[in-house]
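Protein chains in written order, with the working numbering: chain A, 376 to 1036; chain B, 164 to 325.
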C-alpha cells in the first residue's frame, strides 16, 4: 500500500508540475493575474507531493519491503538502518527520484524567498522550473519507476554494493545533486528574463545568490566524492579524471565562470549575452552529466549497466532544453548588446580572461571525456584518455588563471593602469615569490620547480586577497559579506592548490609484500606488520591487519586496514587504515594473502592531502556567506510592486514592447 | 586607444589564447591516448613497438603465479581463441581480480614478449564486463574458435555474462 501511495504522490507531483509549467507562464504572457498567482502554491504543492513520494520509498527501505523491486535489488535486512536509508539513492531509480525532489525543493525555495521579485518574473521562473520538473518526473515514471512491485516476493534483498555502504556516500550524492539541480535556478532566471525581454541588471541580481548557493553545494559535493574515493575505493587516489568525476567538474567550472560573469553583468551591464549563454551551458552540462552517468555509455566505476532507453530519454530532454533555450536566445540576441565599455586594463578584462580560461578548461575536460566515445562511434578503436592528458593541459591553464586571479582583486572597473596596479600588488607579489623559492629550499626533501610554481600560485592568491582587504582601509567588521566571501573562497582555492601541488609532487607510494613481523620504512616512518586477525562486522566478515607505525622509535599510531567480505554475490572490499594529519596522511591498504603469513600492502605517505578538501570547505563557506550579503535582501524590499499594476501594463495594445516586466 | 583598435586587440588576444590552448590539447592528446588491444591483435603485431597500451582479456584458469619473496605476480591473459600473453606486475591486484574473469591492464611489452603492467584493473561489478572489452574480444579474426585443450568454446556474444 505505502509504495502505491508513493507512486500516486509522484504522479500528483507531475500533474502539479504540468500546471506549474504551463499556466503561470501563459498567464504572464496574457496578463491573467489569477494564473500568475498559481505559481507559488503550485511550487509548494509539487514539493509536498515529492516529499511524500520520496518518504514512501525511504519507508520501503527501512521496513525491508522486498516486494518493491528496487528495494529488493539494493537493500537487505542485514544492513544497518543508516545504510538502508542511503541505499535509497544508491542506484539509478532512487537517485533520480531524489533529483526530482531536490528540484522541487529549489523551486519552493525560490518561491519562498521571492519577496522582492515581481510576480510576473517569479511566475515565469517557476514555470520554467516546473517544465524541467515535468521532464524529470516523466523520466522517473516512464523509464525508471522505483515503486515497481515484484510478483514473487523474495525473502531477502540483494546486497547494496559495499562500496556504497559508507558515510561519505550518504551525503555525497545529495550534495552533488543539490549543486547540479541548483544550476537550474540560474538557468530559469535567464530564461524568464529572456521571455520577458527586459534584460537589465535586475534578473542578474536575483540570480546571483542562487547561483552562489548551487555552486557551494557543487563544490562540497565534488570534494566529498574525492574524499570518499580516497578512503573508500581503497587505493589512495583523490582524483582519477574518471568520466563521472569529469561530469561533475564541468558544471562546477562553468558555474565558477558564471559567478564571475554575473558580477560583471550586474555591476557594469557588460557580458550580457555571455552570462545568459553560461547559464544555459551550466545547466546543459548538468544534464549531460546525468546522461553520461545514467546511459551506461561510459566505462566508469560509477556507471551501472543500464538500459539504452533511459539514455535516449535524457538525450532527447537535453536536446529540447538546449534547443529551446538557444532559439529563445537567438530571438533576444539583439537586446543583449552590452552597454558598458571597458579598456584593456580593467577588472572586466581580468574577468574576461578568467571566463575564457575556465571555458577552455571545460572544453578540455569535455573533449577528454567524450573523445573515447567519438572514436569508438567512428569505429577507430577503443581508447582511453589518461590522466596525463588532463594534467598536461589543465596545469598550465590553471597557472595563468591563478596569476590573473591575484591581480583581479586590485583591478578597477572600466579603466585602470598597469602602474597603479603594480604599485598595489608588488608587496604580495614579492612576498609570494620569496615564499615559493625559499620554502622548498629550507624544508622540502628535494628542490622541484613545479613545487615553486604551486607554492607561488597558492601564496600569491592568499596574500593578494588579504592585502586587498587591508587596502580597502575599512574595519573588517564593516566589510560587506560579499567581499569576505570572495576573499575566503579565493583563499580556499589557494589552499586546495597548495595541497594538490604538495601531495602530487612529494607523495610516496609503494606496494610491498610483508610477512608477519616484517616492516617497511617510508619517509622516516616505519610500518611494522603485526599480523592479521578475523573480525566480525554487522553484515560482513573481515581480515583485519594490525600495522604499527613508528618514527625514530617513537610510537605514532596503530592502523587496522581491512579486507571485508560482504558475502553472497558481493565483492571483496578494501578498507584502508588511515592516520590523518594536518601536514600528512599515512595510508595503509591491505592487499591479498600471499601464502604463509605474508600479505600484500599498499603504503602511502601523503603530505598535505587534507588541504585539498580543507580548501574546498573554505570555498564553500566563502560562497555561502557571499550569498547572504545584505545587498540581495535590500534589493527585495525596494522592488515590491503590486501585481495589478504589472498586469495592467500588459494589456496595452503593442505586445512587442509590452512583453516586459 | 580607439574603439576599433581595442576590439582588434581583444580579438588577437582571444585568438592567441585559443590557439595556445588548442596546441596544448593536441600535444597532450597525441601522447596520452591508450588504445585497448586483445591478445590476438598484440600477437599479430598490430601494436607499435614500445608504446604504452591497454591489454584486455580473460585471466586464464590456474595461470596466476606469485613470487615467494617479493610482490610479483604473473598471469596469462587470453581471449576465447587461444591467444595468450603473460602479464607481469609488481602491484597489488584489485579486489575483483579473479581467474576466468575479465581484466584490463595498462603497460607495455618487454623483449621477452611479456606484458609489464603498471596498473591492473578489474571492473567494479562482479557481473559486469566493460563494453569496450566485450567488443574487442568479440571481434572474430580467425575462424575455428577452439580452446588450447581442443575443446570447443562458445563465442562471447553481447550480453553474455562471463
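Glycine included, each C-beta is placed from N, C-alpha and C at the ideal position.
Within a Cβ cutoff of 6 Å, which residues of the same chain sit near residue i, ignoring the five residues on either side of it in sequence?
i                      : result
residue 596 (chain A)  : 550, 551 and 554
residue 521 (chain A)  : 432, 445, 468, 469 and 472
residue 439 (chain A)  : 452
residue 1004 (chain A) : 855, 856 and 857
residue 621 (chain A)  : 740 and 744
residue 285 (chain B)  : 257, 259, 260 and 266
Taking all protein chains shown into account, decide if residue i is buried (16 or more other Cβ within 10 angstroms of its Cβ) or exposed.
i                      : result
residue 168 (chain B)  : exposed
residue 699 (chain A)  : exposed
residue 709 (chain A)  : exposed
residue 984 (chain A)  : buried
residue 730 (chain A)  : buried
residue 1040 (chain A) : In the structure displayed, chain A extends from 376 to 1036; residue 1040 (chain A) sits before or after that span and is not available.
residue 1075 (chain A) : For residue 1075 (chain A) there is no data in the structure shown, the boundaries of chain A being 376 and 1036.
residue 189 (chain B)  : exposed
residue 395 (chain A)  : buried
residue 232 (chain B)  : exposed
residue 964 (chain A)  : buried
residue 254 (chain B)  : buried
residue 1039 (chain A) : Outside the shown range of chain A (376 to 1036) lies residue 1039 (chain A), about which nothing can therefore be said.
residue 534 (chain A)  : buried
Give the range of the alpha helix (DSSP H) segment to which residue i is assigned.
i                     : result
residue 494 (chain A) : 494 to 518
residue 606 (chain A) : 576 to 607
residue 564 (chain A) : 542 to 571
residue 642 (chain A) : 618 to 643
residue 795 (chain A) : 793 to 818
residue 768 (chain A) : 762 to 785
residue 725 (chain A) : 722 to 752
residue 825 (chain A) : 824 to 847
residue 467 (chain A) : 467 to 487
residue 248 (chain B) : First-last for residue 248 (chain B): 247 to 252, but that is the beta strand (DSSP E), not the alpha helix (DSSP H).
Would you please verify whether the beta carbon of residue i is less than 8 Å from any beta carbon of chain A?
i                     : result
residue 323 (chain B) : Interpretation of residue 323 (chain B) is limited by its pLDDT of 28, a score under 50 that renders its predicted location unreliable; the figure taken from the coordinates is listed afterwards. Closer than 8 Å: no.
residue 306 (chain B) : Only weak support exists for where residue 306 (chain B) lies, its pLDDT of 36 falling under 50; the value from the coordinates is given anyway. For residue 306 (chain B), the answer is no, since every Cβ of chain A falls outside 8 Å of its Cβ.
residue 170 (chain B) : no
residue 256 (chain B) : yes
residue 280 (chain B) : no
Tell me which same chain residues have a C-beta within less than 7 Å of the C-beta of residue i, skipping the five on either side of it?
i                     : result
residue 775 (chain A) : 732
residue 763 (chain A) : none
residue 213 (chain B) : 271
residue 888 (chain A) : 969, 973 and 975
Output needed for residue i: all residues of its chain with C-beta closer than 8 Å, excluding positions within five of it in sequence on either side, in chain order.
i                     : result
residue 477 (chain A) : 549, 552, 553 and 556
residue 393 (chain A) : 505 and 509
residue 782 (chain A) : 725, 796, 800 and 839
residue 530 (chain A) : 441
residue 239 (chain B) : 222, 223, 226, 247, 248, 249 and 250
residue 957 (chain A) : 985
Does the beta carbon of residue i sit closer than 8 Å to a beta carbon anywhere in chain B?
i                     : result
residue 764 (chain A) : yes
residue 639 (chain A) : no
residue 631 (chain A) : no
residue 503 (chain A) : no
residue 966 (chain A) : yes
residue 975 (chain A) : yes
residue 735 (chain A) : yes
residue 739 (chain A) : yes
residue 595 (chain A) : no
residue 802 (chain A) : no
residue 796 (chain A) : no
What is the residue span of the beta strand (DSSP E) that residue i lies within?
i                     : result
residue 922 (chain A) : 916 to 926
residue 968 (chain A) : 959 to 968
residue 980 (chain A) : 973 to 982
residue 268 (chain B) : 265 to 272
residue 220 (chain B) : 216 to 222
Between residue i and the ligand FMN, is there a pair consisting of the residue's CB and a ligand heavy atom that are separated by less than 7 Å?
i                     : result
residue 462 (chain A) : In terms of ligand content, the structure shown is empty, and the ligand FMN therefore cannot be addressed.
For the region 186 to 220 of chain B, enumerate the residues whose C-beta is nearer than 9 Å to any C-beta of chain A, in chain order. 187, 188, 190, 191, 192, 194, 195, 196, 197, 198, 199, 200, 215, 217 and 219
Identify each residue in the region 226 to 253 of chain B for which the Cβ-Cβ distance to at least one residue of chain A is less than 7 Å, and report them in chain order. 229, 233, 234 and 253
Taking any Cβ of chain B, which residues in the region 884 to 918 of chain A have a Cβ under 8 Å from it, in chain order? 886, 887 and 888
Closer than 8 Å between beta carbons: that is the criterion. Which residues of the region 175 to 186 of chain B meet it against chain A? 177, 180, 181 and 184
Using Cβ-Cβ distances below 8 Å, what residues of the region 682 to 711 of chain A are close to chain B? none
Where the region 757 to 783 of chain A meets chain B: residues whose CB sits under 9 Å from a CB there: 757, 758, 759, 760, 761, 762, 763, 764, 765, 766, 767, 768, 771, 772 and 775
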